[in-house]
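Below you'll find the structure, written out as structure tokens, and then a few comments.
Residue numbers (the UniProt record's numbering): 1 to 264.
Okay, structure coming up:
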């Protein structure tokens with residue numbers, strides 16, 4: 001997996017450990033990206049099998065502009081929810097669009113994504129705003145579980161089911177509440193992201209998914225070159241700035257690592 005290394009000083013072994021572990025985790029997460037969201041509850045916190053999932057508007061069941069993936073399937077073995085309560089989702093950020101080279105807050109043709117919840121309410125994500133109301137995924141059954149699929153649909157500016165070719169990212173938090181209540185009794189600590197494919201070839205879509213995994217202020221990803229810079233990562237108590245190269249198949253190759261010296 002790692003073919004060429006340009007390592008500074010004597011930190012090669014430590015960074016190699018980090019990159020190898022991180023690459024293995026990325027391979028594992030890639031399998032999870034395509035599966036159901038599997039939440040479980042421990043105390044007042046909801047945990048999930050991954051924080052990034054992928055789906056395709058072109059799947060056979062939904063046609064070119066609709067999908068019911070990913071599903072939501074409670075992992076009862078890890079931690080059941082309270083029977084009779086509702087599992088819900090709250091939008092937390094606007095719609096992002098992948099144009100083939102970068103993620104952007106601008107969409108080509110006024111696209112928005114709607115999730116139809118269990119009460120038949122439309123929860124909307126657009127480039128400018130998201131629904132303030134939380135959606136209902138479903139009611140927890142007598143065993144503390146729930147397995148269901150909601151409908152995701154993409155619309156263009158004319159309010160027609162349609163969407164420019166590219167990838168689209170939405171984010172929400174899961175929470176559990178009593179029926180008819182907006183007050184959470186358990187909630188995820190971090191948002192869950194879903195990247196939805198609209199007409200991209202597999203390799204191009206996986207590049208978008210990989211880039212979405214690094215959408216935060218600590219990273220810079222340049223799609224034209226496949227270069228990823230992680231500004232700060234901790235390895236055995238030491239901070240490094242790491243440069244990596246995308247090599248396809250959802251994998252990155254280590255290129256350079258520099259120890260970060262904090263100024264006091």
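Don't be surprised by glycine CBs; every beta carbon is placed ideally from N, CA and C.
Beta-bridge partners of residue i, as assigned by DSSP
| i | result |
| --- | --- |
| residue 91 | 172 |
| residue 113 | 125 and 154 |
| residue 74 | Looking at the DSSP assignment, residue 74 forms no beta bridge with any residue, so it has no partner. |
| residue 67 | 152 |
| residue 81 | According to DSSP, which records beta bridges pairwise, residue 81 is partnered with nothing at all. |
Residue i versus residue j: straight-line alpha-carbon distance, rounded
| i | j | result |
| --- | --- | --- |
| residue 129 | residue 184 | 23 Å |
| residue 72 | residue 261 | 44 Å |
| residue 80 | residue 51 | 19 Å |
| residue 222 | residue 240 | 20 Å |
| residue 83 | residue 176 | 11 Å |
| residue 191 | residue 232 | 21 Å |
| residue 26 | residue 251 | Bear in mind that a pLDDT of 44 at residue 26, under 50, signals an unreliable position, so the number given afterwards is only what the model happens to contain. So the two alpha carbons sit approximately 7 Å from each other. |
| residue 187 | residue 122 | 22 Å |
| residue 120 | residue 134 | 12 Å |
| residue 126 | residue 258 | 39 Å |
| residue 85 | residue 110 | 36 Å |
Helix, strand or coil at residue i according to DSSP, with G and I counted as helix
| i | result |
| --- | --- |
| residue 29 | Bear in mind that a pLDDT of 43 at residue 29, under 50, signals an unreliable position, so the number given afterwards is only what the model happens to contain. Three-state DSSP puts residue 29 in a helix. |
| residue 204 | helix |
| residue 126 | strand |
| residue 24 | In this prediction, residue 24 scores a pLDDT of 45, lower than 50, which makes its location untrustworthy; no coordinate-derived value is stated. |
| residue 104 | strand |
| residue 212 | helix |
| residue 37 | strand |
| residue 53 | strand |
| residue 229 | strand |
| residue 261 | coil |
Residue i: CB within 7 Å of a non-hydrogen atom of the ligand GTP
| i | result |
| --- | --- |
| residue 93 | As presented, the structure is devoid of all ligands, the ligand GTP included, so that no description of it is given. |
Cutoff 8 Å: residue i Cβ touching any chain C Cβ
| i | result |
| --- | --- |
| residue 56 | No chain C appears in this structure, which consists of one protein chain only. |
> What are the complete beta strand (DSSP E) segments, minimum 3 residues, inside the region 141-190?
Replying inline: The region 141-190 contains these whole beta strand (DSSP E) runs: 151-155, 166-177 and 184-188.
>> Check whether the region 192-211 and the region 167-183 are in contact - that is, three or more C-beta pairs closer than 8 Å.
In response: Contact holds: three or more Cβ-Cβ distances are below 8 Å.
> Given 8 Å as the limit, is there contact between the region 67-78 and the region 201-216, that is, 3 or more CB pairs closer than that?
Replying inline: Contact between the region 67-78 and the region 201-216 is absent, because fewer than three Cβ pairs lie under 8 Å.
> Within the chosen definition, does the region 92-106 reach the region 133-142 through at least 3 CB pairs nearer than 8 Å?
Replying inline: With a cut-off of 8 Å, the region 133-142 and the region 92-106 do not count as touching, because too few Cβ pairs lie within range.
>> Contact between the region 104-115 and the region 174-193 is defined here as three or more beta-carbon pairs at a separation below 8 Å; is this criterion met?
In response: Fewer than three pairs of CB atoms, one per stretch, sit closer than 8 Å, so the region 104-115 makes no contact with the region 174-193.
> Is there contact here, the region 109-125 with the region 149-161, by at least three beta-carbon pairs under 8 Å?
Replying inline: Three or more Cβ pairs drawn from the region 109-125 and the region 149-161 lie within less than 8 Å of each other, which places the two stretches in contact.
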